[in-house]
Amino acid sequence: MTRGDRRALRQLYTTYHRRLIRFLMRVTRDTQLSEEILNDTMWVVWRNAASFREESRVSTWITGIAYRRALKSLATQRRHAPGHNRSLDDKNEFEADAAMAVSFAEQLETSDWIETAMAQLSPEHRMTLELAYFMGETCEAIAQISDCPVGTVKTRLHHARIHMQRHLARAGSRQRNDEDRSE
Amino acid sequence: MTSSIHCGQLEALLPWYVNDTATPADRARVEEHLHTCEDCRERLLGEQALLRHLRRSGSLSAPDAEESWLRFEKSLGDGHGGHEPSSTPSRLLRWVVVGQAAALTVMAVLLTQLLWDRNRSAPDFHTVATAHPGPAPSGFALRVAAAPDATPAAIAQIARDQGARVVSGPSEQGVYTFELDQESLRQQALARLRAMPQLLLVEPIGGR
């Protein structure tokens with residue numbers, strides 16, 4: 000690829016398409032935007048293949064580029080969202096996002112509780128959870144991809160898991176109530 | 000030989016246990032603890048359920064890889080002999096060139112301002128009457144010029160991730176002052192901050 004071989008690029012593209020597109024679709028919830036982010040990512044990879052220094056695995060490098068592109072897209076979307084008011088404090092930001100999304104989730108009336116719960120997480124928490132559970136990345140790889148310390152990965156994952164488990168418990172209890180009523 | 004762990008430690012290891020990336024030593028610790036703790040076995044079931052849900056859920060269907068490739072290849076332009084993406088710059092490439100030119104201009108302005116500030120506010124000598132630039136940082140301070148699209152929240156997060164805090168900023172030019180409590184973190188933080196695309200310039204205040 001460093002010699003500009005398009006066949007190599009095509010092979011890399013199709014390999015990473017499978018790996019990344021579902022991750023991007025899960026975090027953006029938008030098929031077209033996901034493909035745009037993937038194409039931006041592969042364009043950067045194509046143009047910068049020669050500068051890859053092998054300080055990390057190729058997959059970590061490429062996923063890191065996709066992560067930053069996705070985060071930027073999500074940040075742009077959120078800035079344009081009505082009533083958005085960002086806080087400098089990460090914890091407040093996390094809770095504010097969750098509170099804002101709860102009303103949205105209620106409107107959705109969807110049975111797919113996991114999508115609803117994921118939508119309540121901030122982009123950083125959501126992507127950390129996806130990288131760990133959906134992509135099966137190690138803690139250290141997530142730190143490299145997210146360009147943050149390992150401790151931050153652990154903290155984000157801890158908050159995200161607590162949120163998801165709480166939501167799972169609530170969804171389970173709602174489901175049991177529905178079943179009781181139908182009997 | 001494994002060392003026993005308590006429930007809190009197990010809780011932190013569970014994600015890496017269920018996603019199968021825990022080290023053999025950590026796996027052994029987790030399994031040893033699970034043998035003796037019913038609460039943690041319940042936790043494990045919860046984590047496994049979450050992992051299964053995340054891996055199978057998702058209502059959107061993924062686009063076909065070949066179709067995506069054709070769209071991507073088209074955006075690269077008509078290369079010659081299947082090598083260079085395009086002999087004429089694509090729309091994206093033109094935007095990158097324009098963007099880089101704009102970034103260089105911004106950097107030049109910021110660099111001028113930073114050097115001016117440094118020369119003006121950080122003399123090589125100090126007297127009792129010497130005033131500190133802006134707020135008086137008690138630790139090690141860095142002046143950081145952010146990219147135009149970087150939000151204050153993102154910059155604050157970056158600072159926190161590096162063990163620093165924002166003590167002032169942004170100025171009209173998007174310049175912040177970070178403060179680090181520990182000198183030992185300074186070189187590490189400097190290198191990491193300078194590698195971040197959201198930060199155009201990172202300079203220790205006073206050239207220390």
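So the protein sequences, as listed, match chains D and G.
Under numbering that gives the first Met the number 0, think of the first position of the first sequence as 0, with each following residue one higher.
Under numbering that gives the first Met the number 0, think of the first position of the second sequence as 0, with each following residue one higher.
Where is the CB? At the ideal position from N, CA and C, for every residue including glycine.
From a predicted model like this one, the values you see are computed outputs, not experimental measurements.
Checking the DSSP bridge columns, you'll see F177(G) partnered with L141(G), V165(G). Linking L19(D) to F51(D) through their CA atoms gives a straight-line distance of about 19 angstroms. When rounded, the separation of the alpha-carbon atoms in I204(G) and R67(D) is 29 angstroms. Between T59(D) and Q143(D), the CB-CB gap stays under 7 angstroms. Using beta-carbon distances, I36(D) does not count as an interface residue toward chain G, since no partner is under 7 angstroms. What G63(D) touches in chain G, judged by beta-carbon distance under 7 angstroms, is nothing: the nearest beta carbon there is about 11 angstroms away. When rounded, the separation of the alpha-carbon atoms in C138(D) and S145(D) is 10 angstroms.
Within chain D, the residues I113 have their CB atoms less than 7 angstroms from the CB of H52(G), given in chain order. Of the candidates T27(D), R28(D), R17(D), I113(D), R17(D) places its Cα closest to the Cα of W68(G). Interface annotation, L44(G): not in contact with chain D, CB-CB separation never under 7 angstroms. Taking a C-beta distance under 7 angstroms as the contact criterion, P196(G) and A131(D) do not qualify as a contact pair. In this structure V174(G) is buried. Its beta-carbon is surrounded by 16 or more other beta-carbon atoms within 10 angstroms. Restricting attention to C39(G), H34(G), N18(G), R26(G), the CA atom closest to the CA of C6(G) is found in C39(G). If only complete runs of 4 or more residues are kept, the region 30 to 62 of chain G shows the alpha helix (DSSP H) at 37 to 55, in order along the chain. By the neighbour-count criterion, in which a residue is buried when 16 or more other Cβ atoms sit within 10 angstroms of its Cβ, I141(D) is buried.
N47(D) is classed as exposed because its beta carbon has fewer than 16 other beta carbons within 10 Å across all chains shown. The criterion of a C-beta distance shorter than 7 angstroms is not satisfied by A153(G) and R21(D). Residue A188(G) holds the alpha-carbon nearest to the alpha-carbon of I157(G) among D25(G), F71(G), A188(G).
Residues of the region 0 to 22 of chain G that bring their beta carbon within less than 7 angstroms of a beta carbon in chain D comprise A11, P14, W15, N18, D19, T20, in sequence order. Residue state for P151(G) is assigned as helix, using DSSP reduced to three classes. For L8(D), the enclosing alpha helix (DSSP H) stretches over residues 5 to 27.
Between I113(D) and A69(D), the C-beta spacing is not below 7 angstroms. P148(D) has a beta carbon lying within less than 7 angstroms of a beta carbon in chain G. In the structure shown, the three-state DSSP call for E202(G) is strand.
Taking a beta-carbon distance threshold of 7 angstroms, D160(G) counts as an interface residue toward chain D.
Inclusion of A155(G) and L199(G) in the CB contact set at 7 angstroms is not warranted, their separation being larger than that value.
When Cβ-Cβ separations below 7 angstroms define contact, L156(D) makes contact with chain G. Taking CB atoms only, A131(D) has a neighbour in chain G less than 7 angstroms away. With contacts defined by Cβ atoms closer than 7 angstroms, A140(G) and E202(G) do not form a contacting pair.
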